[in-house]
Amino acid sequence: MDSVQLILLTAVLGLALALVLFSFQGKKVATGKSRSPYFKPTFLVVGANGAGKTSLFYKLQDGAEQLSTVSSLEPNVGKISIPFSNPAIQKEYQFIDYPGHLKYSQLMKKLITEDITVKNLKGVIFVIDSSSQSLAQEGRVATICKLLYDLLSITEKVPMGIDYLFAINKQDLFDTKPVFKVKNMIEEEITKLVKEELSATGQARGGSGIDNDDDDAEAFSKEESTREFWKALMGSSPAFKFELLEGNMEFLGGSALKNKVQNWQNWFDEKAMNYGGM
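Heads up: the sequence shown runs through residues -18 to -1, 1 to 260, numbered per mature numbering (1 follows the signal peptide of the UniProt record, and there is no 0).
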């Protein structure tokens, strides 16, 4: 083999080795994206601060009482085994209690869309404090509905949607609102949010007449996508109703503090029996 052939052979082998390494690294990166520690079949507990999310999280997870009444600032991650009624056939799922601060909403969207992924989301438990004192607080209902509005904008975009359990908590209190009234309040507030969304159609992207950067363009695209989703969902309906949604939406009362959680456990059991392959 002369020197020219040797040089060519060396170059070919070097190129082949480079391609193999590039391919390996590409697979490693792609795999890494799906290796979040949260990438598991999951039930997600959400709601506004003070609704009783964390108490319910511990109660359903292992029957334990929550030792601290301080609102969670970090997600609580555990496991839940269902159906509750038949331990012999229980299956284990990841169980996450997410903080109720609206300032964490972008992180929650990332958790759902990138870490857990929507296909792994088996249900959302939306906890609501139904006491009149809580619901009468300024901006309380608006906060609840803004969180729910953002969640539905994600979960309803998948075929058949995601099932929700609205855990209407603190039904043991003397000043509690009935479950159906809580539902009506939420529908009325969501209607306002939808109308605001749809009326924003004519707003300019940046308002300056200057081309926006890629981040602005991407944000604008997402806003348009959300707007089109709500427009299609509402159709000719003058007001938002939960019956318009693809996912199954159940409103069930109870009290985590008084251990009145049977209705909520039954919801999990029904899902486990009806969707055993989930």
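We put the CB at the ideal spot given by N, CA and C, even for glycine.
As the structure is a computational prediction, the values presented were derived from the model and not from experiment.
Proximity test, residue 246 beta-carbon vs the ligand FMN heavy atom, cut-off 7 Å: This structure does not include the ligand FMN; it has no bound ligands of any sort.
CA-CA distance, residue 38 and residue 240? Within the sequence shown, residue 38 is the residue found at index 56, counting from 1. Within the sequence shown, residue 240 is the residue found at index 258, counting from 1. Between residue 38 and residue 240, the C-alpha separation is close to 11 Å.
Any idea what DSSP makes of residue 31, helix, strand or coil? Here residue 31 is taken as the residue at index 49 of the sequence shown, counted from 1. Correct three-state label for residue 31: coil.
For the region 117 to 131 against the region 170 to 178, are there 3 or more C-beta pairs whose distance is under 8 Å? Yes: the two stretches touch, three or more of their Cβ pairs being nearer than 8 Å.
Under the three-state DSSP convention, the category residue 76 falls into: Translated into positions along the sequence shown, residue 76 becomes position 94. Assigned with DSSP and collapsed to three states, residue 76 falls in strand.
How should residue 113 be labelled, buried or exposed, when 16 other C-beta atoms within 10 angstroms of its C-beta is the threshold for buried? As a first step, residue 113 is located in the sequence shown; it is residue number 131 there, counting from the start. Classification of residue 113: buried, given that the 10 Å Cβ count is 16 or more.
Which runs of the alpha helix (DSSP H), 4 residues or longer, sit entirely within the region 77 to 111? Fully enclosed alpha helix (DSSP H) runs of 4 or longer: 87 to 92.
Let me confirm a value: residue 160 is counted as buried when at least 16 other C-beta atoms fall within 10 Å, else exposed. Which label applies? The count along the sequence shown starts at 1 and reaches residue 160 at position 178. The residue in question, residue 160, is exposed, as its Cβ has fewer than 16 Cβ neighbours within 10 Å.
Spell out a yes or no on whether the region 219 to 231 and the region 142 to 153 are touching, meaning 3 or more CB-CB pairs, one atom from each, closer than 8 Å. The region 219 to 231, when compared against the region 142 to 153, does touch it at the 8 Å Cβ threshold.
Could you tell me the alpha carbon to alpha carbon distance between residue 261 and residue 42, rounded to whole angstroms? One cannot answer for residue 261 here, as it falls past the ends of the chain, which runs -18 to 260.
Host alpha helix (DSSP H) of residue 148 (start-end): Residue numbering aside, residue 148 sits at position 166 when the sequence shown is read from its first letter. Where residue 148 is concerned, there is no enclosing alpha helix (DSSP H), although the beta strand (DSSP E) around it starts and stops at 146 to 151.
Give me whichever residues DSSP pairs with residue 235 in a beta bridge. Indexing the sequence shown from 1 puts residue 235 at position 253. Per DSSP, 150.
Residues of its chain near residue 222, where Cβ-Cβ distance is below 6 Å and the 5 sequence neighbours each way are ignored: Numbered from its first residue, the sequence shown carries residue 222 at position 240. So the qualifying residues of the chain are 169, 172, 173 and 176.
So what does residue 26 bridge to, in DSSP terms? Mapped onto the sequence shown, residue 26 falls at position 44. Note: residue 26 sits in a beta bridge opposite 78 and 106.
Taking the alpha-carbon positions, what's the residue 79 to residue 219 distance? Here residue 79 refers to the residue found at position 97 when the sequence shown is read from its first residue. Here residue 219 refers to the residue found at position 237 when the sequence shown is read from its first residue. The alpha-carbon atoms of residue 79 and residue 219 are separated by roughly 34 Å.
Less than 8 Å between the C-beta atoms of residue 23 and residue 254, yes or no? Sequence index remark: in the sequence shown, residue 23 carries index 41 (1-based). Sequence index remark: in the sequence shown, residue 254 carries index 272 (1-based). 8 Å or more divides the Cβ of residue 23 from the Cβ of residue 254.
Fully enclosed by the region 117 to 175, which beta strand (DSSP E) runs are 3 residues long or longer? Segments of the beta strand (DSSP E) lying fully in the region 117 to 175: 146 to 151.
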